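Colleague: In UniProt numbering, the protein residues as written are 1 to 328. Just so it is clear, CB atoms sit at the ideal spot from N, CA and C, and this is done for glycine as well. Quick caveat: nothing in here was measured; it's all calculated off a predicted structure.
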């Protein structure tokens, strides 16, 4: 991410890292590891200890911000992440306006699992920051609102009542920004914002700037460390918009078009990706992983990584193949 132009791009994991086999090996398992900072650190470190990746990444899900805002969350199981199941802001038809008593950014970062992640990042940076790149993941404003308001409600609102959606984005963005700044202050080397709802799969490319780009730019402008932006799906048409957010690196999946993506970005940001997490990491062979990782490197990706979160049932041999793709 420093633009060093290494001959052999390093392998890393900037998205969700935990697998069931890692949990069994280190003794720190979901769902408890999503709620306890010591267990979160222990499980996060296992990916590096088992396979040699130079990154350590927390947390393991994208529900923390919505839960902090009052959404009910299913804690998940050893093989499934926490997920939002209901929200006080969803109505029988549509969604509510922003409450006048919605918490402040300072209150947002001072409770719930935001503090679990903050404590984890601080511990990882203090104990392992000299040896590992500490990646702190947060959920972007638009994706957070997908959980808070409901996906269908949000998409309909973007078309029929965009001003109401803007109101929610204006309320939530300062919270996410403060959270990102807090994690950077705790010692994170990189803040990765996951903004899956800005993917062209959900949001038309011509709407990227007004519903996502400007808010992401605001968040990144106040972060005192490296910044990466993860958007899955067919993101080719929004690559220019992603670059304009000020992210140092863009994490994409191969549906964005490997070679075409490299050409379009043109060195304005480091590209992270884009080994298929399901078709290759989960379901393929180590040889498949190596072949795809080398293809990403040959195309010009700066960091070779999964194109999205690592599936919990991913075999150890496949993660090991990714970590050592250049020597296998």
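Would you kindly report the start and end of the unbroken alpha helix (DSSP H) that includes residue 69?
Modeller: Along the chain shown, one-based indexing puts residue 69 at 69. Here residue 69 belongs to no alpha helix (DSSP H), and DSSP marks it neither H nor E.
Colleague: Determine the DSSP secondary structure at residue 106, reduced to helix, strand or coil.
Modeller: Translated into positions along the chain shown, residue 106 becomes position 106. Helix, per DSSP.
Colleague: Which residue or residues does DSSP assign as beta-bridge partners of residue 74?
Modeller: As a working note, residue 74 is residue 74 in the chain shown. Answer by DSSP bridge pairing, in chain order: 83.
Colleague: Measure how close the beta-carbons of residue 278 and residue 15 come, nearest whole angstrom, since I'm counting them as under 8 Å.
Modeller: By one-based count along the chain shown, residue 278 stands at place 278. By one-based count along the chain shown, residue 15 stands at place 15. Actually they are not in contact, since the Cβ atoms of residue 278 and residue 15 sit about 13 Å apart, beyond 8 Å.
Colleague: Between the alpha carbons of residue 104 and residue 222, how many angstroms are there, rounded?
Modeller: Indexing the chain shown from 1 puts residue 104 at position 104. Indexing the chain shown from 1 puts residue 222 at position 222. Cα-Cα distance, rounded: 17 Å.
Colleague: Need the endpoints of the alpha helix (DSSP H) that residue 138 sits in, please.
Modeller: Position 138 of the chain shown, counted from the first residue, corresponds to residue 138. Element bounds for residue 138: not the alpha helix (DSSP H) but the beta strand (DSSP E), 133 to 139.
Colleague: Exposed or buried, what is residue 46 when buried is set at 16 or more other beta-carbons lying within 10 Å of its beta-carbon?
Modeller: Your numbering for residue 46 matches position 46 in the chain shown. Residue 46 is buried by the Cβ-count criterion.
Colleague: So, with DSSP's three-state summary, where would you put residue 96?
Modeller: Within the chain shown, residue 96 is the residue found at index 96, counting from 1. Three-state DSSP puts residue 96 in coil, outside helix and strand.
Colleague: Residues in the same chain with beta-carbon distance under 8 Å from residue 133, minus the five sequence neighbours each way, listed in chain order, please.
Modeller: Mapped onto the chain shown, residue 133 falls at position 133. Correct list, in chain order: 12, 54, 55, 56, 189, 190.
Colleague: Taking Cβ positions only, does residue 256 come closer than 8 Å to chain B?
Modeller: No chain B appears in the structure shown, which is made up of a single protein chain.
Colleague: I'd like the span of the beta strand (DSSP E) that includes residue 331, first residue to last.
Modeller: No answer is possible for residue 331: it lies beyond the span of the chain, which begins at 1 and ends at 328.
Colleague: Please report the distance separating the alpha-carbon of residue 113 from that of residue 35.
Modeller: Here residue 113 corresponds to residue number 113 of the chain shown, with the count starting at 1. Here residue 35 corresponds to residue number 35 of the chain shown, with the count starting at 1. Rounded to whole angstroms, residue 113 to residue 35 spans 7 Å at the Cα level.
Colleague: By DSSP, does residue 291 sit in helix, in strand, or in coil?
Modeller: By one-based count along the chain shown, residue 291 stands at place 291. Looking at residue 291 - three-state DSSP - the assignment turns out to be helix.
Colleague: If you drop the 5 nearest sequence neighbours on each side, which residues of the same chain put their C-beta closer than 8 Å to that of residue 122?
Modeller: Working through the chain shown from its first residue, we reach residue 122 at position 122. Closer than 8 Å at the Cβ level, and outside the excluded window around residue 122, lie 186, 187.
Colleague: I need the boundaries of the beta strand (DSSP E) containing residue 251, first residue and last residue.
Modeller: Taking the chain shown and counting its residues from 1, the one referred to as residue 251 is at position 251. 249 to 251 is the extent of the beta strand (DSSP E) around residue 251.
Colleague: Put residue 244 into one of helix, strand or coil per three-state DSSP.
Modeller: Taking the chain shown and counting its residues from 1, the one referred to as residue 244 is at position 244. Correct three-state label for residue 244: helix.
Colleague: Three or more C-beta pairs under 8 Å: does that hold for the region 193 to 212 against the region 222 to 237?
Modeller: Taking 8 Å as the limit for Cβ pairs, the verdict is that the region 222 to 237 does touch the region 193 to 212.
Colleague: Measuring only the C-alpha atoms, how far is residue 281 from residue 219?
Modeller: Here residue 281 refers to the residue found at position 281 of the chain shown. Here residue 219 refers to the residue found at position 219 of the chain shown. Their backbone Cα atoms lie some 32 Å apart in a straight line.
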